[in-house]
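This report refers to the structure that appears directly beneath it.
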Amino acid sequence: MRHIFLLFLGTLSISLSAQKKPDIHWYHSAPKKNNMGISLDKAYESEFAKRPATDIVVAVIDGGTDVNHVDLVDVLWTNSGEIAGNGLDDDHNGYIDDVHGWNFIGGADGKMVAADNLEKARVLKRLMDRYEAPDAKFDASSPEYQNYLQMKSEVLLAKESAETMLAQMEMVTGLLQQIKEATGKENPSAEDLENLKSEDPMMEGIAKRLAKGMKKEGIEFSAMNQEFDEQLNYFKVKAEIQNNPDYNSRLIVGDDYSNSSERYYGNNNVVGPDAGHGSHVAGIIAAKRGNGIGLDGVADHAKIMVVRVVPDGDERDKDVANGIRYAVDNGAKIINMSFGKGFSWDKNIVDSAVAYAESKGVLLVHAAGNNSSDNDEIPNYPNDTLWNGTHTAANWLEIGASQPKRKKLATDFSNYGKNNVDLFSPGQDIYSTIPGNKYAYFNGTSMAAPVAAGVAALVWSRYPNLTAVQIKQILMESGTLVKSKVLLPGTKDKVRFTELSQSGRLVNAFEALKRADALSSGK
Numbered sequence: 019m020r021h022i023f024l025l026f027l028g029t030l031s032i033s034l035s036a037q038k039k040p041d042i043h044w045y046h047s048a049p050k051k052n053n054m055g056i057s058l059d060k061a062y063e064s065e066f067a068k069r070p071a072t073d074i075v076v077a078v079i080d081g082g083t084d085v086n087h088v089d090l091v092d093v094l095w096t097n098s099g100e101i102a103g104n105g106l107d108d109d110h111n112g113y114i115d116d117v118h119g120w121n122f123i124g125g126a127d128g129k130m131v132a133a134d135n136l137e138k139a140r141v142l143k144r145l146m147d148r149y150e151a152p153d154a155k156f157d158a159s160s161p162e163y164q165n166y167l168q169m170k171s172e173v174l175l176a177k178e179s180a181e182t183m184l185a186q187m188e189m190v191t192g193l194l195q196q197i198k199e200a201t202g203k204e205n206p207s208a209e210d211l212e213n214l215k216s217e218d219p220m221m222e223g224i225a226k227r228l229a230k231g232m233k234k235e236g237i238e239f240s241a242m243n244q245e246f247d248e249q250l251n252y253f254k255v256k257a258e259i260q261n262n263p264d265y266n267s268r269l270i271v272g273d274d275y276s277n278s279s280e281r282y283y284g285n286n287n288v289v290g291p292d293a294g295h296g297s298h299v300a301g302i303i304a305a306k307r308g309n310g311i312g313l314d315g316v317a318d319h320a321k322i323m324v325v326r327v328v329p330d331g332d333e334r335d336k337d338v339a340n341g342i343r344y345a346v347d348n349g350a351k352i353i354n355m356s357f358g359k360g361f362s363w364d365k366n367i368v369d370s371a372v373a374y375a376e377s378k379g380v381l382l383v384h385a386a387g388n389n390s391s392d393n394d395e396i397p398n399y400p401n402d403t404l405w406n407g408t409h410t411a412a413n414w415l416e417i418g419a420s421q422p423k424r425k426k427l428a429t430d431f432s433n434y435g436k437n438n439v440d441l442f443s444p445g446q447d448i449y450s451t452i453p454g455n456k457y458a459y460f461n462g463t464s465m466a467a468p469v470a471a472g473v474a475a476l477v478w479s480r481y482p483n484l485t486a487v488q489i490k491q492i493l494m495e496s497g498t499l500v501k502s503k504v505l506l507p508g509t510k511d512k513v514r515f516t517e518l519s520q521s522g523r524l525v526n527a528f529e530a531l532k533r534a535d536a537l538s539s540g541k
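All the letters of the sequence shown, read from the start, carry residue numbers 19 to 541 under the working numbering.
As structure tokens, then:
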């Protein structure tokens, strides 16, 4: 147990060590060698931004958003056709009391899906039902069956590994509880631990080592205890839900999951049990500008529509498709999708929704993923390649994540792709809103996508006569072109930045406004 405890203490020390963060608006500045920003400040100072502007609805399809956050409450989309709280579908759109959006992973009884399987585990379950049925007939030497065996091995190994880690974390958190009880304090100090007397010599030794680590890293016992509790829950979810093929969240939702065309299910709780990610995304796009608190969002005339489809696990294709259709039908012009996965259950239903958005002139902005992988080689779902490659959605922007320094620029984690990633956007050390009127720095292509979506909203609000395809074209053609070599994400190899996306560019708000003005006036 002592070895396990010290192992996790070392991990914890790394994760809690303080690191200096950049200015909260670092990416608002002009691009320069050590701060590759998007010229947002210059954009707002320009004559283009001073044009009359119209509000533009941006749907955030995510895991939920804190609609009571002080920096978001004034920028929410409100369904004018709905009377809040009366339990009726006043606007007859099929969704009751959808004042700020809709939750497709909740039940009619108000319950909600918090965590769900990974798509790989769900696909495995479908294959298990096929290959392990009592009357199953198949060729055991076929590639399909061999792929099934490989998938089964990978999922069950991940489950077993998570179970092992969970057992270890339970031992560690149990020991921390014993130490608290021995000191008689909920948050004992390092001195309390140094002076701890116990009949168990191992406990005394661990307490002293723990005290040393607390002093070295400046960590309070309560913060460390919370971190371990979070790690325990993390592995519990991975073991019992995410990698468990038998878990079925649709018992909570209550829909007919076999019917992908079913649309009217869920509830109106758009916050959900964990709105951290979605709130952060929403704040990047549209946090109230100029109010002197928190941060200034990228777009000053964006109205955030909240659509909840993403659990702690992989989103389901049926919910994604319905989320897109709901957003389109209720007036969204831009849809931000900061989620993705490596497998797809029913790609056709999502493809149909993407095509529907395309037909209605809605721009879709999607995060490229955080696996340091090439999207040209390893698909990231959903994507703009529809119906087995017979159509490419012209209204789709796939966004990679950049960091401040030009010599690195592409973040270490970002996916990339000369053909299947369109543009890069800041996605490291991004400060934004989280639940409870708080703020935090997050990293990810999940943050890069809303920066780009915010720029699209800024431009479109000034030039509403443009189309979604033109807005995409503007962002890709007006971005900062970086011809120099950078580190290939996840490696120490150097490649030209232009090889990592179709455009080879970093989004630039001022140049986008300038290009939009020229295009709008026919220049």
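Glycine included, C-beta positions come from ideal geometry on N, C-alpha and C. Bear in mind the structure is a predicted one, so any value in this text is a computation, not a measurement.
Out of the options, which has the shortest C-alpha to C-alpha gap to residue i?
i       : options                            : result
Lys-216 : Ala-139, Glu-199, Lys-254, Lys-230 : Per the sequence shown, the amino acid found at residue 216 is Ser instead of Lys. Residue Glu-199 is the option with its Cα nearest to Ser-216.
Gly-310 : Glu-100, Val-88, Asp-347           : Val-88
Tyr-252 : Tyr-374, Asp-318, Thr-182          : Thr-182
Asp-440 : Gln-446, Gln-164, Asn-401, Pro-422 : Asn-401
Gly-105 : Asp-335, Thr-516, Asn-285          : Asn-285
Gln-164 : Val-117, Glu-178, Met-146, Glu-395 : Met-146
Thr-191 : Met-242, Tyr-282, Pro-152, Lys-51  : Met-242
Asn-53  : Asp-447, Gly-202, Glu-333          : Asp-447
Leu-476 : Trp-44, Val-255, Pro-70            : Pro-70
Asp-134 : Gly-202, Glu-212, Glu-258, Tyr-344 : Glu-258
Ala-527 : Lys-51, Asp-59, Lys-50             : Asp-59
Ala-77  : Gly-301, Pro-206, Ser-240          : Gly-301
Gly-407 : Lys-423, Tyr-374, Lys-365          : Lys-365
Gly-508 : Glu-204, Ser-432, Phe-442          : Ser-432
My guess is that residue i and residue j are in contact by the Cβ rule of under 8 Å, so how many angstroms apart are they, rounded?
i       : j       : result
Lys-8   : Glu-172 : A query on residue 8 cannot be resolved here, the shown segment of the chain reaching from 19 to 541 and no further.
Ala-139 : Gln-260 : 7 Å
Val-299 : Pro-468 : 5 Å
Tyr-459 : Lys-39  : 5 Å
Ser-391 : Asp-430 : About 12 Å separates the two Cβ atoms, so there is no contact after all.
Gly-290 : Gly-81  : 6 Å
Asp-335 : Ser-362 : 6 Å
Ser-479 : Ile-74  : 5 Å
Leu-505 : Lys-426 : 5 Å
What separation, rounded to the nearest whole angstrom, lies between the Cα atoms of residue i and residue j?
i       : j       : result
Phe-357 : Val-328 : 8 Å
Ile-32  : Phe-66  : Summary for Ile-32: the model assigns pLDDT 39, below 50, so the residue's position carries little reliability; its value from the coordinates is reported in the next sentence. Going by the C-alpha atoms only, they are around 46 Å apart.
Ile-352 : Leu-381 : 5 Å
Arg-533 : Gly-540 : 11 Å
Glu-150 : Glu-416 : 39 Å
Leu-537 : Asn-266 : 50 Å
Val-346 : His-110 : 16 Å
Asp-84  : Ser-521 : 34 Å
Arg-144 : Asp-41  : 48 Å
Val-141 : Phe-515 : 36 Å
Asn-262 : Ile-79  : 25 Å
Tyr-481 : Tyr-166 : 51 Å
Leu-34  : Leu-94  : Low per-residue confidence applies at Leu-34: pLDDT is 45, beneath 50, and the placement is therefore not dependable enough to give any value.
Glu-188 : Ala-470 : 42 Å
Leu-211 : Leu-194 : 11 Å
Glu-222 : Gln-244 : 21 Å
Ser-57  : Asn-438 : 25 Å
Arg-523 : Asp-332 : 30 Å
Asp-247 : Thr-463 : 27 Å
Leu-214 : Ala-208 : 10 Å
Tyr-434 : Asn-413 : 19 Å
Leu-493 : Val-525 : 6 Å
Met-19  : Lys-177 : Reliability of the predicted coordinates at Met-19 is poor, the pLDDT of 43 falling under 50, and no value is obtained from them.
Glu-554 : Ala-48  : Residue 554 is absent from the structure shown; the chain starts at 19 and stops at 541.
Taking the DSSP output, what are the residues bridged to residue i?
i       : result
Tyr-275 : DSSP, once it has assigned bridges, lists no residue as partnering Tyr-275.
Ser-450 : Ala-458
Thr-403 : Thr-410
Glu-162 : BP columns for Glu-162 are empty, so no partner.
Trp-363 : Beta-bridge pairing links Trp-363 to no other residue.
Trp-120 : Val-325
Ser-420 : Ala-428, Pro-444
Thr-498 : Leu-524
Ala-434 : Looking at the sequence provided, one finds Tyr at residue 434 rather than Ala. According to DSSP, Tyr-434 bridges with Asp-392.
His-384 : Met-355, Glu-416
Ala-77  : Met-323, Ile-353
Arg-514 : Lys-503
Met-130 : Gly-124
Leu-94  : Ile-322
Below 7 Å, is the gap between the Cβ of residue i and the nearest heavy atom of the ligand ATP?
i       : result
Glu-416 : For the ligand ATP, the structure offers nothing, since it holds no ligand at all.
(message) With three or more C-beta pairs closer than 8 Å as the rule, is the stretch 451-458 touching the stretch 493-503?
(response) no
(request) Spell out a yes or no on whether the stretch 327-342 and the stretch 301-319 are touching, meaning 3 or more CB-CB pairs, one atom from each, closer than 8 Å. (result) no
(request) Say whether the stretch 84-101 touches the stretch 225-238, bearing in mind that this needs 3 or more beta-carbon pairs closer than 8 Å, one atom from each stretch. (result) no
(request) Spell out a yes or no on whether the stretch 481-493 and the stretch 368-385 are touching, meaning 3 or more CB-CB pairs, one atom from each, closer than 8 Å. (result) yes
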